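Chemist:
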Amino acid sequence: MQFKELIVQETNNICEQLSSYEDRHTSFKELFLTKDTINFGPIKLLDRASIAMRTVILFLTVLTIYFFSTLDYQSIDVLKGFTDTFVNFKTMFLNPYAQRFTLGEAFYNVVVTLGLAFLTTLIGGIVALLLGLLAAQNLAPKQVTNLIKGFVAIIRAVPTILWVLIFAVAAGLGSAAAIIGMSFHSISYLTKAYSESFEDLDRSVIEALMASGANWWQIVFQAVIPSSVTYLLSWTFLRFEINFANAVAMGAAAGAGGIGFDLFMAGGFYFDLREVGFITYLIIAIAIALEVFSTNIKGKLQKSI
Amino acid sequence: MALLELKNVTKNYNNECCALDNVSFSVDKGEFVSIIGPSGAGKSTLLRCINRMVEASSGEISVDGLISSSLSKKKLRKLRTKIGMIFQHYNLVDRLTVIENVLHGRLGYKSTLAGVLGRYSQEEKSQAYRIIEILGLNEQIYKRCDQLSGGQKQRVGIARALVQNPKIILCDEPIASLDPNASKIIMDHLGNISKEMGITIIVNLHQVEVALKYSDRIIGVNRGKVVFDGAPCDLTTRQIRDIYGSESEDLIIDLGERHAG
Chain A
387 MQFKELIVQE
397 TNNICEQLSS
407 YEDRHTSFKE
417 LFLTKDTINF
427 GPIKLLDRAS
437 IAMRTVILFL
447 TVLTIYFFST
457 LDYQSIDVLK
467 GFTDTFVNFK
477 TMFLNPYAQR
487 FTLGEAFYNV
497 VVTLGLAFLT
507 TLIGGIVALL
517 LGLLAAQNLA
527 PKQVTNLIKG
537 FVAIIRAVPT
547 ILWVLIFAVA
557 AGLGSAAAII
567 GMSFHSISYL
577 TKAYSESFED
587 LDRSVIEALM
597 ASGANWWQIV
607 FQAVIPSSVT
617 YLLSWTFLRF
627 EINFANAVAM
637 GAAAGAGGIG
647 FDLFMAGGFY
657 FDLREVGFIT
667 YLIIAIAIAL
677 EVFSTNIKGK
687 LQKSI
Chain B
18 MALLELKNVT
28 KNYNNECCAL
38 DNVSFSVDKG
48 EFVSIIGPSG
58 AGKSTLLRCI
68 NRMVEASSGE
78 ISVDGLISSS
88 LSKKKLRKLR
98 TKIGMIFQHY
108 NLVDRLTVIE
118 NVLHGRLGYK
128 STLAGVLGRY
138 SQEEKSQAYR
148 IIEILGLNEQ
158 IYKRCDQLSG
168 GQKQRVGIAR
178 ALVQNPKIIL
188 CDEPIASLDP
198 NASKIIMDHL
208 GNISKEMGIT
218 IIVNLHQVEV
228 ALKYSDRIIG
238 VNRGKVVFDG
248 APCDLTTRQI
258 RDIYGSESED
268 LIIDLGERHA
278 G
């Protein structure tokens, strides 16, 4: 009971102080109500930044007009070029037909491509989980996080295809080089994504567990990962989708096999537009299926966790 | 022998003087000690020096006969299991349930692997249930912590500290974010813990009246120095002025109330 009285007392005290303040400062109200005599200028000032911005836009506009007016089309009839392209698109997408393989074979090759994407995401995910922990500022010393973040940024700056070609020097063009190169890039991408998810956890929660005597691994598995598991999964799904697209390209560019290689052969070797259309539809269908699948899983996870 | 003893503890951040300046005191088993002082006086640093979440620059701290500054990493972990800690912002893992958060208090006792996998013994689980029941949280036991109110979260924090079987519980402004009702519940629980279970409670407080009401002893800190150390009834207006460094008439503190009731 005394506690409640104390609170009442305290509130009364505050009220008294406030009212005595107002007594002493009646001019406060007056000050507030007096009319302004300040003259306002224009709200947006023409400062250096906006002048620079306008100059750049003007310059680019002039450059664009100049470029189109002096373009050398040589003997190409632009209109004919457009119509021909549309005719090609029409054959490709309105009459898709697979001549050189059955639907079963096509699906087998899609599975190969999916396998390539899955394997590289899996390898990337596992390695990135460890690196991500070491790159999170709330979990590792600053030197270590800077080292790993810097290293990973360099790897990420080089495109996947280039890594595949670099590893192809040692492993030869084919699926081995594709897997190593794509995993390499996945690791760096996921390390950054994971470490940022880990950093979302408040440092004070980690402090609380450390104060109770828990060690680093226990804190990681009992607090850090449970708090960030939905982020981890959605980043991994995103990378899987990226890796699927990459795997299609790698099939063509690095001879890694799968549906990408078929696409390459159909387009570049047999000039079979109808087959290109067929394969494109197949890839789009798979991409949509993956998207729907991952959205569903994410929705379910967010409900349960 | 005293359970906790600080001798000439000094702490400097970045070579600046002094978050703590030559602090010495000792605390016995079952004592309820409040540390009061203005913001930035070093209260939190003082508390964190005790379980070495902050390393003291010099001086000696002994807990239960062990000199904490000389301990190896493994022994420090063991020492920390004897010191529970609760926080202003509760510091729970929001996505986990109440029982999971409470069991986190046992991690210090477990091997790395058992802790990583979250394997708790039957005994530990029943102890956790018992404590949760005592604190009146049995209806929330499988709720996620982000669905709880502030007062309930703080009770989970207390449960997590209690499940450690601690000898000391350090409380860093436990009621600073709570409404008066929840504050009273939390302070009553802390009072009972010290009286009935004989666990030493050291609590940082901003509310002088609350400190006066609940503690056996008050330590006043200003600019890293202990400026008052004694029973609540010895705390005078003048000493409050020393602690907070201002005219106590300006402060919203009423000393007359404490003898009533």
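Respectively, the protein sequence lines represent chains A and B.
To convert a position in the first sequence, counted from 1, into the numbering used here, add 386.
To convert a position in the second sequence, counted from 1, into the numbering used here, add 17.
All residues carry an ideal CB built from backbone N, CA and C; glycine is no exception.
Quick caveat: nothing in here was measured; it's all calculated off a predicted structure.
Is Arg97 of chain B near Asn68 of chain B, with beta carbons less than 8 Å apart?
Modeler: For this step, residue 97 of chain B is matched to residue 80 along the second sequence. For this step, residue 68 of chain B is matched to residue 51 along the second sequence. Yes, the Cβ-Cβ distance between Arg97 of chain B and Asn68 of chain B is below 8 Å.
Chemist: Ala145 of chain B: which of B:Val173, B:Thr62 and B:Gly215 sits nearest, CA to CA?
Modeler: Residue mapping note: residue 145 of chain B aligns to position 128 of the second sequence, counting from 1. Among B:Val173, B:Thr62 and B:Gly215, the Cα nearest to that of Ala145 of chain B belongs to B:Val173.
Chemist: When you compare the CB positions of Gln171 of chain B and Pro191 of chain B, do they come within less than 8 Å of one another, or not?
Modeler: As a working note, residue 171 of chain B is residue 154 in the second sequence. As a working note, residue 191 of chain B is residue 174 in the second sequence. Yes; because the gap between Cβ atoms is below 8 Å, this pair is in contact.
Chemist: Starting from the beta carbon of Pro612 of chain A, find every residue of chain B whose beta carbon is closer than 9 Å, and list them in chain order.
Modeler: For the purposes of this step, residue 612 of chain A is identified with residue 226 of the first sequence, where counting begins at 1. Here the neighbours are Val110, Arg112, Leu113 and Glu117.
Chemist: With a cut-off of 8 Å, do at least 3 Cβ pairs link the region 242-249 of chain B to the region 209-221 of chain B?
Modeler: No, they do not touch.
Chemist: Just the Cα atoms here: how many angstroms apart are Ala131 of chain B and Ala594 of chain A?
Modeler: Counting from one through the second sequence, the residue named residue 131 of chain B turns up at place 114. Counting from one through the first sequence, the residue named residue 594 of chain A turns up at place 208. Roughly 19 Å between the two C-alpha positions.
Chemist: Quick one: what's Arg161 of chain B bridged to in DSSP?
Modeler: Position 144 of the second sequence holds residue 161 of chain B. DSSP output for Arg161 of chain B lists B:Thr114 as bridge partner(s).
Chemist: Below 8 Å between beta carbons: does that hold for Leu187 of chain B and Leu64 of chain B?
Modeler: Here residue 187 of chain B is taken as the residue at index 170 of the second sequence, counted from 1. Here residue 64 of chain B is taken as the residue at index 47 of the second sequence, counted from 1. The answer is yes: Cβ separation under 8 Å.
Chemist: Shortest alpha-carbon distance to Ser511 of chain A belongs to which of A:Thr577, A:Lys528 and A:Ala543?
Modeler: The residue given as residue 511 of chain A occupies position 125 in the first sequence. A quick correction: the sequence has Gly, not Ser, at residue 511 of chain A. Considering only alpha carbons, the answer is A:Thr577.
Chemist: If you drop the 5 nearest sequence neighbours on each side, which residues of the same chain put their C-beta closer than 6 Å to that of Gly663 of chain A?
Modeler: Counting from 1 along the first sequence, the entry for residue 663 of chain A is found at position 277. The answer, listed in chain order, is Met478, Phe479 and Pro482.
Chemist: Using a 10 Å radius around the Cβ and a threshold of 16 neighbouring Cβ atoms, would you call Pro527 of chain A buried or exposed?
Modeler: Counted from its first residue, the first sequence places residue 527 of chain A at position 141. Exposed is the call here.
Chemist: Using a Cβ cut-off of 7 Å, which residues of the region 124-153 of chain B contact any Cβ in chain A, in chain order?
Modeler: Of all residues in the region 124-153 of chain B, Leu124, Gly125, Thr129, Gly132, Val133 and Gly135 have a Cβ within less than 7 Å of some Cβ in chain A.
Chemist: Between Ile158 of chain B and Ile151 of chain B, how many whole angstroms is the CB-CB distance? I'm expecting something under 8 Å.
Modeler: Taking the second sequence and counting its residues from 1, one reaches residue 158 of chain B at position 141. Taking the second sequence and counting its residues from 1, one reaches residue 151 of chain B at position 134. Contact doesn't hold; Cβ gap of about 13 Å is too wide.
Chemist: Kindly provide the ranges of any alpha helix (DSSP H) runs that are 4 or more residues long and lie completely inside the region 543-622 of chain A, ordered along the chain.
Modeler: Those alpha helix (DSSP H) runs which fall completely within the region 543-622 of chain A and span 4+ residues are 546-557, 561-585, 589-597 and 602-605.
Chemist: Within the 8 Å Cβ cut-off, does Met70 of chain B reach chain A?
Modeler: The residue labelled residue 70 of chain B in the question sits at position 53 within the second sequence. Yes, Met70 of chain B lies at the interface with chain A (some Cβ there is under 8 Å from its Cβ).
Chemist: Beta-carbon of Met102 of chain B versus every beta-carbon of chain A: anything under 8 Å?
Modeler: Numbered from 1 along the second sequence, position 85 holds the residue referred to as residue 102 of chain B. Output row for Met102 of chain B: interface = yes.
Chemist: Does any C-beta atom of chain B lie closer than 8 Å to the C-beta of Ala522 of chain A?
Modeler: Counted from its first residue, the first sequence places residue 522 of chain A at position 136. So, not an interface residue.
Chemist: For Val238 of chain B and Ser51 of chain B, which I take to be in contact (beta-carbon distance under 8 Å), what is that distance rounded to the nearest angstrom?
Modeler: Taking the first residue of the second sequence as 1, we reach residue 238 of chain B at position 221. Taking the first residue of the second sequence as 1, we reach residue 51 of chain B at position 34. In fact, because the Cβ distance is near 11 Å, the residues do not count as touching under 8 Å.
Chemist: For Ser89 of chain B, would you say it is in contact with chain A, using Cβ-to-Cβ distances shorter than 8 Å as the test?
Modeler: Walking along the second sequence from the start, residue 89 of chain B turns up at place 72. Output row for Ser89 of chain B: interface = no.
Chemist: Which runs of the beta strand (DSSP E), 3 residues or longer, sit entirely within the region 162-226 of chain B?
Modeler: The region 162-226 of chain B contains these whole beta strand (DSSP E) runs: 185-189 and 217-222.
Chemist: Does the beta-carbon distance from Thr507 of chain A to Asn601 of chain A come in below 8 Å?
Modeler: Residue mapping note: residue 507 of chain A aligns to position 121 of the first sequence, counting from 1. Residue mapping note: residue 601 of chain A aligns to position 215 of the first sequence, counting from 1. Their beta carbons are not under 8 Å apart, which means Thr507 of chain A does not touch Asn601 of chain A by this criterion.
Chemist: Return no unless some Cβ of chain A is closer than 8 Å to the Cβ of His276 of chain B.
Modeler: Translated into positions along the second sequence, residue 276 of chain B becomes position 259. Because the pLDDT at His276 of chain B is just 46, under 50, the model does not fix this residue reliably, and the value given afterwards should be weighed accordingly. Taking Cβ atoms only, chain A never reaches closer than 8 Å to His276 of chain B, which makes this a no.
Chemist: Using 8 Å as the cut-off, can you tell me whether the region 635-646 of chain A makes contact with the region 554-562 of chain A, which would need three or more C-beta pairs spanning the two stretches below that distance?
Modeler: Touching, yes, given that three or more Cβ pairs across the two stretches are closer than 8 Å.
Chemist: Could you list the residues in the region 587-601 of chain A with a C-beta less than 9 Å from some C-beta on chain D, going in chain order?
Modeler: Looking for chain D here will not work: the only protein chains present are A and B.
Chemist: Do the region 120-130 of chain B and the region 159-167 of chain B touch if we need at least three Cβ pairs shorter than 8 Å?
Modeler: Counting Cβ pairs under 8 Å, fewer than three are found: no touch.
Chemist: Taking 7 Å as the cut-off, is the C-beta of Glu140 of chain B nearer than that to any heavy atom in the ligand MG?
Modeler: Looking at this structure, you won't find the ligand MG or any other ligand, since it has none at all.
Chemist: Under a three-way DSSP split, which group does Ser455 of chain A fall into?
Modeler: The count along the first sequence starts at 1 and reaches residue 455 of chain A at position 69. Helix at Ser455 of chain A.
Chemist: Can you give the beta carbon distance from Ala652 of chain A to Glu661 of chain A, rounded, assuming they're within the 8 Å contact cut?
Modeler: By 1-based counting over the first sequence, the position of residue 652 of chain A is 266. By 1-based counting over the first sequence, the position of residue 661 of chain A is 275. Contact flag correct, Cβ pair sits at about 4 Å.
Chemist: In chain order, what residues of the same chain lie with their CB nearer than 6 Å to the CB of His276 of chain B, ignoring the 5 residues before and after it?
Modeler: Here residue 276 of chain B is taken as the residue at index 259 of the second sequence, counted from 1. Any reading at His276 of chain B must be qualified, since the residue scores a pLDDT of 46, below 50, and its modelled position is unreliable; no value is offered.
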